[in-house]
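In what follows, a single structure is set out as structure tokens and then discussed.
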């Protein structure tokens, strides 16, 4: 079994492959033709953990088909992206509200032991306020731990999108949620089931790193993957520094 601690300076030591599960919304599932940040993370895991050192798991593999309005596409930016590495739990229009009720069964079915989670923007934009969204974060973590008491989680703060530039109340809710998210991480982190709050991706510019003010383009994909990779490397000693952060293809 893997042994994990989030104590300063500690590392994760494991004698079996770490099983990563990507959990997210439209920024994570991606659309037809995208590489996705999941692809960038797969490249990073290949380079730093190598064959046999990790596995990517999840109940879904599809991209979102914008013409069909459904997750039906397998047209990834790199057709050589291996099918097993395409696995995820992400959905266009899905947030903490949707993932909290299904994460326990997913962790059980996939035997995931590390969750990389990017959620919240869709919740705040359409479903729940910051307080309700933060409550769903806590419910999500509780459910994941019910399925695997040694689950490890890395959570990405909400990156306000273009709407926040013209909608002051929405912008304020994004900021407040990120404060509540940090509090939840501080409250719930523990040595047997550590929770990390990744940093806001360095230099992330919604006008340069997205194709529509929300969804990442190639540079944005690298910066999202880099935020998760750096958090795990710095806190747990997993992998190494993210080497592909400035690449564009």
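Residue numbers (our numbering): -13 to 235. Where a beta carbon is used, it is the ideal one built from N, C-alpha and C, also for glycine.
Who are residue i's beta bridge partners in DSSP?
i	result
residue 98	In DSSP, residue 98 forms no bridge with anything.
residue 196	202
residue 103	9 and 141
Give every residue of the same chain whose Cβ lies closer than 7 Å to the Cβ of residue i, excluding the five residues on either side of it in the sequence, and list them in chain order.
i	result
residue 1	Because the pLDDT of residue 1 is 45, which lies under 50, any placement of that residue in the model is unreliable, and the number read from its coordinates should be weighed accordingly. So the list is empty, once near-sequence residues are dropped.
residue 147	107, 192, 199 and 200
residue 93	130, 133, 134 and 137
residue 164	143 and 144
residue 115	159
residue 38	3
residue 226	34 and 219
residue 86	122, 125, 126 and 129
residue 113	81 and 83
residue 157	146 and 150
residue -6	Reliability of the predicted coordinates at residue -6 is poor, the pLDDT of 38 falling under 50, and no value is obtained from them.
residue 178	135 and 136
Rounded to the nearest angstrom, how far is the Cβ of residue i from that of residue j, given a contact under 8 Å?
i	j	result
residue 105	residue 82	5 Å
residue 97	residue 75	With 8 Å as the limit, residue 97 and residue 75 do not qualify as a contact, their Cβ atoms being about 13 Å apart.
residue 102	residue 140	5 Å
residue 51	residue 58	4 Å
residue 209	residue 189	7 Å
residue 53	residue 11	The pair is not a contact, with the Cβ atoms about 20 Å apart (cut-off 8 Å).
residue 167	residue 120	6 Å
residue 19	residue 61	6 Å
residue 243	residue 13	Coverage of the chain is limited to positions -13 through 235, which leaves residue 243 absent and any answer about it impossible.
Output needed for residue i: all residues of its chain with C-beta closer than 8 Å, excluding positions within five of it in sequence on either side, in chain order.
i	result
residue 40	3, 4, 5, 6 and 31
residue 171	141, 181, 182 and 183
residue 43	5, 6, 7, 73, 96, 97 and 98
Under DSSP, the beta strand (DSSP E) around residue i begins and ends at which residues?
i	result
residue 181	181 to 183
residue 140	138 to 141
For residue i, report the span of its alpha helix (DSSP H) as first-last.
i	result
residue 110	First-last for residue 110: undefined, no H or E at that position.
residue 123	116 to 133
residue 178	No alpha helix (DSSP H) holds residue 178; DSSP gives it neither H nor E.
residue 150	149 to 152
Which residues in the same chain have their Cβ closer than 6 Å to the Cβ of residue i, if we skip the five residues on either side of it in sequence?
i	result
residue 206	195 and 196
residue 27	211
residue 25	67
residue 186	143
residue 127	174
residue 100	4, 6 and 138
residue 214	102, 140 and 184
residue 89	126, 129 and 130
residue 216	228
residue -13	Reliability fails at residue -13, whose pLDDT of 25 lies under 50, so the model's placement of it is uncertain and no value is given.
residue 16	22 and 49
residue -4	Residue confidence is low: residue -4 scores 46 on pLDDT, short of 50, so the model does not pin down where it sits. Its coordinate-derived value is still stated next. If we look at residue -4 and ignore the five residues flanking it on each side, it has no Cβ neighbours.
request  = Please specify which runs of the beta strand (DSSP E), each continuous and at least 3 residues long, are wholly inside the segment 41 to 98, giving them in chain order.
outcome  = The segment 41 to 98 contains these whole beta strand (DSSP E) runs: 49 to 51 and 56 to 59.
message = Quick check for students: name the residue ranges of the beta strand (DSSP E) that lie wholly in the segment 4 to 40, counting only runs of 3 or more.
response = Entirely contained in the segment 4 to 40, the beta strand (DSSP E) runs reaching 3 residues are, in chain order, 4 to 10.
message = I'd like the ranges of any alpha helix (DSSP H) spanning at least 4 consecutive residues and lying wholly in the segment 202 to 228.
response = Counting only runs of 4 or more, we get 204 to 222.
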